[in-house]
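Trainee: Below you will find the structure I want to go over with you.
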Amino acid sequence: MISNVLEPEIVLAKEGSPSLFKNKPTILKGFQMRVLHTLMRLHLVLIAMKCYRNPAKWIGSLVYLIRLRRRFLGDFKLKKVARVNGKYHMGIYIPAWFSKGFEYFVMNELKSYKPISRPSYRFNNVFLAITSKCPLQCEHCYEWERLNQREHDNTDRLKTIIDELSAKGTCQIHFTGGEPLVKTEIILDLMRTAPKDIDYWITTSGYSLDESKAKKLKAAGIKGIVISLDHFEAEEHNRFRNHPVAFYWAIEAVKNTISNNMIAALSVCVTKEFIIESNLMSYMIMAEKLGVSFVQFIEPKPIGHFKGKAVELDAEDMKVLEQFHLKMNFSNSYLSVPIIGYHEQYQRRQRCLSAGNRSIYLDMQGNLHACPFCQKKRGNILDSNFDNQLDTMTRLGCEAVSC
Numbered sequence: 008m009i010s011n012v013l014e015p016e017i018v019l020a021k022e023g024s025p026s027l028f029k030n031k032p033t034i035l036k037g038f039q040m041r042v043l044h045t046l047m048r049l050h051l052v053l054i055a056m057k058c059y060r061n062p063a064k065w066i067g068s069l070v071y072l073i074r075l076r077r078r079f080l081g082d083f084k085l086k087k088v089a090r091v092n093g094k095y096h097m098g099i100y101i102p103a104w105f106s107k108g109f110e111y112f113v114m115n116e117l118k119s120y121k122p123i124s125r126p127s128y129r130f131n132n133v134f135l136a137i138t139s140k141c142p143l144q145c146e147h148c149y150e151w152e153r154l155n156q157r158e159h160d161n162t163d164r165l166k167t168i169i170d171e172l173s174a175k176g177t178c179q180i181h182f183t184g185g186e187p188l189v190k191t192e193i194i195l196d197l198m199r200t201a202p203k204d205i206d207y208w209i210t211t212s213g214y215s216l217d218e219s220k221a222k223k224l225k226a227a228g229i230k231g232i233v234i235s236l237d238h239f240e241a242e243e244h245n246r247f248r249n250h251p252v253a254f255y256w257a258i259e260a261v262k263n264t265i266s267n268n269m270i271a272a273l274s275v276c277v278t279k280e281f282i283i284e285s286n287l288m289s290y291m292i293m294a295e296k297l298g299v300s301f302v303q304f305i306e307p308k309p310i311g312h313f314k315g316k317a318v319e320l321d322a323e324d325m326k327v328l329e330q331f332h333l334k335m336n337f338s339n340s341y342l343s344v345p346i347i348g349y350h351e352q353y354q355r356r357q358r359c360l361s362a363g364n365r366s367i368y369l370d371m372q373g374n375l376h377a378c379p380f381c382q383k384k385r386g387n388i389l390d391s392n393f394d395n396q397l398d399t400m401t402r403l404g405c406e407a408v409s410c
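The sequence shown begins at 8 in the numbering used here and counts up by one.
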């Protein structure tokens with residue numbers, strides 16, 4: 008538990024509701040974590056044995072993967088992992104340990120070590136917008152200039168896009184928008200025919216995610232839900248989202264996601280005004296109380312609704328976030344709190360993971376973008392020359408925003 012700090016008052020959607028912590032996930036640490044980590048490394052060797060005949064490459068591949076993780080996360084030992092519905096997860100964008108998806112995820116990384124002959128996936132994850140509709144008016148919305156456009160039934164096209172992604176291979180598909188939950192019936196329709204070997208997630212403000220809707224999404228096969236919650240105080244979050252009940256629905260969404268055995272994660276846009284130690288700590292206290300497995304830090308970018316505004320973080324802001332992220336994830340004092348993902352830090356350490364390197368963003372028409380923050384179309388997944396378009400984008404990288 009986080010201790011020695013003043014706990015903020017958390018206004019829960021239904022204060023005292025006994026279902027708030029139903030099926031609450033567990034953060035494993037200590038001896039359990041060490042045993043699990045050892046088994047995971049053995050699994051990595053088994054995966055390497057499927058990829059290479061030379062025993063020297065089995066050990067070499069394990070060393071390569073360990074060094075790769077350290078290049079992204081720093082020279083720290085893993086201290087915790089989230090257990091949800093009997094599966095073990097170390098991050099939002101990594102399939103569960105010991106799963107088939109995790110095996111393909113590892114194979115994708117091993118291709119950078121030595122060529123492998125086994126089939127592997129083209130992507131680790133894909134962000135797929137299914138609507139431009141949204142009832143909120145968020146300060147940082149990257150889709151601001153494309154919100155609430157007139158739409159026609161696009162379900163068949165989206166099904167074709169998912170089939171194309173499955174053929175190329177991806178570990179995950181994240182449904183985005185707009186607000187994807189205003190099109191819940193479309194999500195349910197897509198999931199009826201969606202390939203079962205892909206993990207499906209939803210990135211949402213939480214708007215309208217009641218118990219009934221969460222139950223349907225779980226039954227349809229949704230693996231996890233990333234809920235945007237940008238402050239631990241209801242008034243501040245509602246102001247940032249320009250909606251009077253945005254906080255209510257974010258909390259409801261967390262509760263209903265967890266109670267239906269889906270992975271719950273929070274995503275916070277860490278603005279310059281928010282980045283002080285006390286705010287960050289209060290946010291993590293809230294996250295721990297809510298029972299989420301992960302918290303995602305997203306840096307503000309001067310696009311969409313933030314276009315033309317001085318919102319980018321400076322070096323000191325980044326330093327505060329990076330040190331806090333490391334403390335929460337690797338200090339023995341915070342082993343029970345949710346695991347933080349801070350992808351801009353990983354990109355600064357290594358390189359951008361989008362632009363086709365490991366991930367892409369597709370809008371609802373299937374148009375190809377380097378990532379959700381890059382507004383330049385690079386092709387379309389339904390074009391016959393998509394592979395060439397993808398290769399060109401990967402070579403050029405992310406032009407619109409420095410990732």
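By construction, the Cβ of each residue, glycine as well, lies at the ideal position given by its N, Cα and C atoms.
#1: If you draw a straight line from the alpha carbon of Thr177 to that of Ser361, how long is it in whole angstroms?
#2: Note down, in chain order, each residue of its chain lying with its Cβ closer than 8 Å to the Cβ of Lys279, except the 5 sequence neighbours on either side.
#3: So, does the stretch 102-117 touch the stretch 254-269, judging by three or more C-beta pairs under 8 Å?
#4: Please say whether Ile193 and Thr162 have beta carbons closer to each other than 8 Å?
#5: At a cut-off of 7 Å, would you count Pro379 as near the ligand PLP, judging by its Cβ distance to the nearest heavy atom?
#6: Measuring only the C-alpha atoms, how far is Ile305 from Asp160?
#7: Look at the alpha carbon of Asp394 and the alpha carbon of Lys121, and state the distance between them as a whole number of angstroms.
#8: Starting from the C-beta of Leu143, find all residues in its chain whose C-beta is less than 7 Å away, skip the five residues before and the five after it, and write them out in chain order.
#9: Which whole runs of the alpha helix (DSSP H) in the stretch 190-214 are 4 residues long or more, in chain order?
#10: If you reduce the DSSP assignment to three classes, tell me which class Tyr290 lands in.
#11: Could you spell out where the alpha helix (DSSP H) holding His44 opens and where it closes?
#12: What's the gap between the Cα of Met411 and the Cα of Arg355?
#13: So, with DSSP's three-state summary, where would you put Ser26?
#14: In angstroms, rounded to a whole number, what distance separates the CA positions of Asp390 and Leu197?
#15: Given Lys414, which residues of its chain have a CB within under 8 Å of its CB, disregarding the five upstream and five downstream residues?
#16: Can you grab the Cα-Cα spacing for the pair Val113 / Lys316, in whole Å?
#17: Where does Pro202 land, buried or exposed, given buried means 16+ other C-beta within 10 angstroms?
#18: I believe Gly386 touches Gln396 by the beta-carbon criterion, under 8 Å. Please report the beta-carbon distance rounded to the nearest angstrom.
#19: Using the Cβ count rule (16 or more neighbours within 10 Å means buried), how would you classify Leu80?
Mentor: So, from the data block:
#1: 13 Å
#2: Pro307, Val318, Leu320, Asp321, Asp324
#3: no
#4: Their beta carbons are under 8 Å apart, which means Thr162 touches Ile193 by this criterion.
#5: The ligand content of the structure shown is nil, which means the ligand PLP is not present either.
#6: 32 Å
#7: 22 Å
#8: Glu186, Ser212, Tyr214, Arg248, Asn249, His250, Ala253
#9: 191-200
#10: helix
#11: 37-58
#12: Nothing about residue 411 can be reported from this structure: the residues present for the chain run from 8 to 410 only.
#13: Its pLDDT being 39, under 50, Ser26 is placed unreliably in this model, and the coordinates cannot settle the point.
#14: 21 Å
#15: Because the chain spans 8 through 410 in this model, residue 414 falls outside it and cannot be assessed.
#16: 39 Å
#17: exposed
#18: So it is a contact: roughly 3 Å between Cβ atoms.
#19: buried
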